[in-house]
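Each residue of the sequence shown is one higher than the last, beginning at 322 in our numbering.
Here's the structure, in structure tokens; my notes come after.
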Amino acid sequence: MLVLEYKAVVSKKQKLAINEAIRTTQFIRNKAIRYWMDAPKEAKINKIALNNYSTALRKEFKFVEELNSMACQSATERAWIAIDRFYSNCQSQKPGKKGFPRFQKDNRSVEYKTSGWSLHSTKRRITFTDKKGIGEVKLLGKWDIHTYSVKSIKRVRILKRADGFYVQFCLAIEVQSEPRIADGEIGLDVGLEYFYSDSNGYHEPNPRFLKKAEKAIKYAQKQIYKKEKGRNQRRKARARYARKHLRVNRQRSEHAKRVARNVCKANALVVYEDLNVKNLVKNHCLAKSINDVAWAAFRQWLEYFAVKFGSWAVAVPPHYTSQKCSDCGAIVKKTLSTRTHKCSCGCELQRDTNAAINIFNLGKNRLGHSRINATGDGTATLLGATLVEQVLSMNVESPRL
Numbered sequence: 322m323l324v325l326e327y328k329a330v331v332s333k334k335q336k337l338a339i340n341e342a343i344r345t346t347q348f349i350r351n352k353a354i355r356y357w358m359d360a361p362k363e364a365k366i367n368k369i370a371l372n373n374y375s376t377a378l379r380k381e382f383k384f385v386e387e388l389n390s391m392a393c394q395s396a397t398e399r400a401w402i403a404i405d406r407f408y409s410n411c412q413s414q415k416p417g418k419k420g421f422p423r424f425q426k427d428n429r430s431v432e433y434k435t436s437g438w439s440l441h442s443t444k445r446r447i448t449f450t451d452k453k454g455i456g457e458v459k460l461l462g463k464w465d466i467h468t469y470s471v472k473s474i475k476r477v478r479i480l481k482r483a484d485g486f487y488v489q490f491c492l493a494i495e496v497q498s499e500p501r502i503a504d505g506e507i508g509l510d511v512g513l514e515y516f517y518s519d520s521n522g523y524h525e526p527n528p529r530f531l532k533k534a535e536k537a538i539k540y541a542q543k544q545i546y547k548k549e550k551g552r553n554q555r556r557k558a559r560a561r562y563a564r565k566h567l568r569v570n571r572q573r574s575e576h577a578k579r580v581a582r583n584v585c586k587a588n589a590l591v592v593y594e595d596l597n598v599k600n601l602v603k604n605h606c607l608a609k610s611i612n613d614v615a616w617a618a619f620r621q622w623l624e625y626f627a628v629k630f631g632s633w634a635v636a637v638p639p640h641y642t643s644q645k646c647s648d649c650g651a652i653v654k655k656t657l658s659t660r661t662h663k664c665s666c667g668c669e670l671q672r673d674t675n676a677a678i679n680i681f682n683l684g685k686n687r688l689g690h691s692r693i694n695a696t697g698d699g700t701a702t703l704l705g706a707t708l709v710e711q712v713l714s715m716n717v718e719s720p721r722l
């Protein structure tokens, strides 16, 4: 599936209507969570039961009835996703917290399915036809949605961000593959000094977007507390602060996407570390830097472009890849501050280059046991949230060796 995103041009009246639709979606989701929590143990609450509950809510509350019926079902589906994830974590005995469903306080989107909206013949305007009063919305963007059939649009989402509203279209189409420009093979070691280091000795610079914008962000944050609570000036200061964070977030995403595309376009085999970023950020000394470098987004785009260019993307365990000598295999203990690998066998390399070679060798050694390419079937390993032009469900992802 493919997601195309447009900037929405809306009036003040439409902003109020969209915010009301978003609040209604949040209300339905939270009511569905409460319905599941209060249900007796012998009752089987599933996706169908929650969809039926949305119908009962439409009869009970007038403001819920004003929202499109399929949009109400989408809201209960969000609740079911949280519930089903909790059940799955319990059944798999996931260590730590199991992710018990919580009530939402900051929902920022409303999602329609195949009804409740109609696309203009030019496909540059969309009209929402439910009783919330959103009406016709102008779309700004360069995506070629006019080349796709309206029947291929399975979901339409209105998303609220710090700089305005956006409309996303989810299309049920197959993403077309593209030819590679080369058939290289590399191993990647991500880090904080460099964005990544490969097994050929190349170091991609770390852009450090947050660090560069941190001074301006802190200044914008201070301005919030100088404004009186409840005043319009405080609201504007908060909006300026949010836009600065949004800009950094977009920079990270675009950088990760561009670099991942270049890597997969030039290499037939890409081996990288299967890092658990969620655990790594528990180190409070490095958490800000780890979040700033966006390892999870980079891996996500690697897996997407590996399918698009017909490359092989393989994730390997990262254990001892920095300590092991890539030449003789001996273990050479190092601290994080030690940036050069020196072994008694005479091998002397930059620390990250040595790790990248170990990662590449590990992937090559185990390649015969488990290897999946763009024509096979694999287990999904995608991380993160929805991105523009992102495959939401693919036949193939990288296996964990």
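A virtual CB, placed ideally from N, CA and C, is assigned to each residue, including glycine.
- Straight through space, the alpha carbons of A342 and K548 are spaced by roughly 30 Å.
- Sixteen is the threshold: when 16 or more other Cβ atoms of the shown chains lie within 10 Å of the Cβ of L590, as they do, the residue is buried.
- Below 8 Å, enough C-beta pairs join the segment 499-507 and the segment 570-587 to call them touching: three or more.
- The Cβ neighbour count for Q347, taken over all protein chains shown within 10 Å, is at least 16; the residue is labelled buried.
- According to the DSSP secondary-structure assignment, Q544 is paired through a beta bridge with no residue.
- A Cβ-Cβ distance of about 25 Å is found for the pair R687 and Q671, leaving them out of contact under the 8 Å criterion.
- One Cα belongs to I479, the other to Q489, and the distance between them is close to 6 Å.
- Following the DSSP letters along the chain, one finds C491 inside the beta strand (DSSP E) bounded by residues G485 to L492.
- Annotated as distal: D465 and A677, with beta-carbon spacing of 9 Å or more.
- Annotated as distal: D519 and T656, with beta-carbon spacing of 9 Å or more.
- Across the structure, F630 and R529 are spaced so that their CA atoms are roughly 28 Å apart.
- About 17 Å separates the CB atoms of S473 and E432; that is not less than 8 Å, and the two are not in contact.
- Taking 4 residues as the shortest admissible run, the segment 334-408 contains the following complete alpha helix (DSSP H) segments, listed from N- to C-terminal end: 368-381 and 383-386.
- A straight-line Cα-Cα distance of about 5 Å links Q644 and I652.
- For T674, the enclosing alpha helix (DSSP H) stretches over residues R672 to N686.
- Of the candidates Q554, K654 and S647, the residue whose Cα lies closest to the Cα of E669 is S647.
- One alpha carbon belongs to I447, the other to G437, and they sit about 11 Å apart.
- Considered as a whole, the segment 515-586 harbours 515-519 and 524-526 as its complete beta strand (DSSP E) runs of no fewer than 3 residues, in chain order.
- Straight-line spacing of the CA atoms in K333 and G454 works out to 12 Å.
- Contact check for G512 against L683 fails: the beta carbons are separated by 9 Å or more.
- Here Y487 really is in contact with E326; their C-beta atoms are around 6 Å apart, less than 8 Å.
- DSSP, read as helix, strand or coil, puts I466 in helix.
- DSSP places D613 within a helical segment (H, G or I) once states are collapsed to three.
- Taking 9 Å as the cut-off, the Cβ atoms of K328 and L492 do not count as close.
- 9 Å or more divides the Cβ of L371 from the Cβ of A338.
- For I680, the closest of R568, S442, I404 and Y517 by C-alpha to C-alpha distance is Y517.
- Annotation: the continuous beta strand (DSSP E) that includes V458 extends over G456 to L461.
- The bridge partners DSSP lists for N588 are G505.
- In the three-state reduction of the DSSP assignment, L480 falls in the strand class.
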